[in-house]
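Input: a single structure, listed below in structure tokens.
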Amino acid sequence: MTRRLEGRVAVVTGAGRGLGAAYALALADHGAKVVLNDLGAGLQGEKIDEDPVVQVAEAIRAKGGEAVIDRGDVADFDAAGQLIETALSSFGALDILINNAGILRDRMLVNMTVQEWDDVIRVHLRGHFCPTQHAAVHWRERAKQGKADAVLIHTTSIAGLHGNAGQANYSTAKSGLATLAYLNHLELHARYGVRAYAIAPNARTRLTLNSPGAADLVREPEAGTFDYFSPDNVAAFVAWLGAADCAAPSGTIYGVEGGLVRRYDAWHIATSINNGDKRWTFEELDARVDELAAGHERTFTPLSEILIAPGQAPRA
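At position 138 of the sequence shown the residue is numbered 138 (UniProt numbering), and the sequence of numbers has no breaks.
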């Protein structure tokens with residue numbers, strides 16, 4: 001295996017299991033030193049007795065890699081600052097930040113509580129912002145000595161990019177994270193040399209196993225066949241993005257599952273109508289509504305067209 005991340009330092013949030021653990025292991029396999037952040041919480045944010053992040057750290061060290069553990073709440077601004085400081089004090093640098101931690105509070109809108117909304121927005125949006133802000137301050141200072149190729153990876157979701165009933169809080173937060181990645185590109189790439197991305201992973205994790213309609217689709221395959229929904233498939237792409245010589249353009253968004261990678265384009269103008277130097281009337285808008293609405297059925301690709309059943313060929 002090539003070690004294209006040799007000497008680079010990475011922080012991974014939510015690194016105790018699932019995608020976060022797969023990312024950390026893949027980064028370490030390619031030579032990175034890794035800070036494993038994990039709060040040790042259940043899917044709903046509750047305290048649990050398990051401590052899987054220790055096993056991830058031990059697995060990295062068993063193969064000769066270097067890893068330290070951070071247990072801070074990434075949505076707490078001061079704790080997030082300590083997370084970044086842990087990377088700097090332990091390994092002397094920070095080259096890659098992967099914001100991955102997340103929770104679910106699934107509920108149809110008419111039954112959703114304010115707390116269920118706030119909890120998800122806090123962990124996903126605030127939990128991405130806090131580590132990112134502290135990392136950005138560090139990268140700004142580092143750029144004064146010359147730009148270094150740093151990498152910032154946010155975790156969006158196919159639910160955020162395509163929508164999913166019963167997940168208004170989660171989908172809204174995840175959609176916002178795709179926008180955040182692009183804005184981070186605008187602010188950090190040219191000035192400081194930071195590449196920013198968003199990844200929409202589709203893999204077998206606690207979140208997908210507890211998402212409406214997803215559990216049956218991501219179940220384990222028959223023995224001896226390609227495990228399409230293994231988190232390791234996504235981790236290979238994420239580790240590639242973290243390499244200093246990766247040519248993937250900053251500001252881009254990717255959906256990754258199995259052996260399939262899709263690039264998503266940002267918001268773009270679909271149609272426009274112009275009434276010249278004159279305010280619209282109802283009648284004029286009525287007359288041109290077909291022009292304005294042309295192609296609206298293609299604005300969102302339904303999630304049902306993205307998810308695949310085991311054994312079904314993925315849609316390219």
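Cβ coordinates follow ideal geometry from the N, Cα and C atoms, glycine included.
Since the model is a prediction, treat every value here as computed from it, not as a measurement.
Count the other C-beta atoms from every protein chain shown that fall within 10 angstroms of the C-beta of residue 302, then say buried if there are 16 or more, exposed otherwise.
-> Numbered from 1 along the sequence shown, position 302 holds the residue referred to as residue 302. Classification for residue 302: exposed.
Out of 27, 261, 288 and 142, point me to the one whose CA is closest to residue 342's CA.
-> In this structure the chain extends from 1 to 316, so residue 342 is not present and cannot be described.
Go ahead and label residue 167 buried or exposed: buried means 16 or more other beta carbons lie within 10 angstroms of its beta carbon, across all protein chains shown.
-> Walking along the sequence shown from the start, residue 167 turns up at place 167. Residue 167 comes out buried.
State the CB to CB distance for the pair residue 95 and residue 105, rounded to an integer number of angstroms; the pair is presumed to be in contact (CB under 8 Å).
-> Locating residue 95 in the sequence shown gives position 95, counting from the first residue. Locating residue 105 in the sequence shown gives position 105, counting from the first residue. Contact doesn't hold; Cβ gap of about 33 Å is too wide.
Sort 243, 285, 249 and 286 by Cα distance to residue 2 and report the nearest one.
-> Looking up residue 2 in the sequence shown gives position 2. Looking at the Cα atoms, 243 is the closest of the given residues.
Take the Cβ of residue 97 as the centre, count every other Cβ of all protein chains shown within 10 Å, and call the residue buried at 16 or more, exposed below.
-> Working through the sequence shown from its first residue, we reach residue 97 at position 97. Buried, by the Cβ-count rule.
Which parts of the stretch 211-289 are runs of the beta strand (DSSP E), unbroken and 3 residues or longer, counting only runs that do not cross its ends?
-> 253-257 and 260-264
When 163, 68 and 256 are compared against residue 228, the one with the closest alpha-carbon | Within the sequence shown, residue 228 is the residue found at index 228, counting from 1. Here the closest residue by C-alpha is 256.
Are the beta-carbon atoms belonging to residue 39 and residue 71 less than 9 Å from one another?
-> Counting from 1 along the sequence shown, the entry for residue 39 is found at position 39. Counting from 1 along the sequence shown, the entry for residue 71 is found at position 71. Yes.
Extent of the continuous beta strand (DSSP E) to which residue 33 belongs | Walking along the sequence shown from the start, residue 33 turns up at place 33. 33-37 is the span of the beta strand (DSSP E), which, as asked, contains residue 33.
For residue 140 and residue 192, believed in contact at Cβ under 8 Å, the rounded distance = For the purposes of this step, residue 192 is taken as the residue at position 192 of the sequence shown. For the purposes of this step, residue 140 is taken as the residue at position 140 of the sequence shown. Residue 192 to residue 140, Cβ: 6 Å. Contact.
Grouping DSSP H, G and I as helix and E and B as strand, with all else coil, what is residue 120?
-> On the sequence shown, position 120 is the one that residue 120 refers to. Here residue 120 sits in helix by DSSP.
Which term fits residue 269, buried or exposed, when burial requires 16 or more other beta carbons within 10 angstroms of its beta carbon?
-> Counting from one through the sequence shown, the residue named residue 269 turns up at place 269. Answer is exposed; the Cβ neighbour count stays below 16.
Which word fits residue 78, buried or exposed, when buried means at least 16 other C-beta atoms lie within 10 angstroms of its C-beta?
-> By one-based count along the sequence shown, residue 78 stands at place 78. By the neighbour-count rule (16 or more Cβ atoms within 10 Å), residue 78 is not buried but exposed.
By DSSP, does residue 30 sit in helix, in strand, or in coil?
-> Position 30 of the sequence shown, counting from 1, holds the residue named residue 30. DSSP places residue 30 in coil when its eight states are reduced to three.
Would you mind sorting residue 157 into buried or exposed? The rule is 16 or more other CB atoms within 10 Å of its CB.
-> Within the sequence shown, numbered from 1, the residue matching residue 157 stands at position 157. Classification for residue 157: buried.
Helix, strand or coil at residue 84 [DSSP, three-state] | The residue labelled residue 84 in the question sits at position 84 within the sequence shown. Helix.
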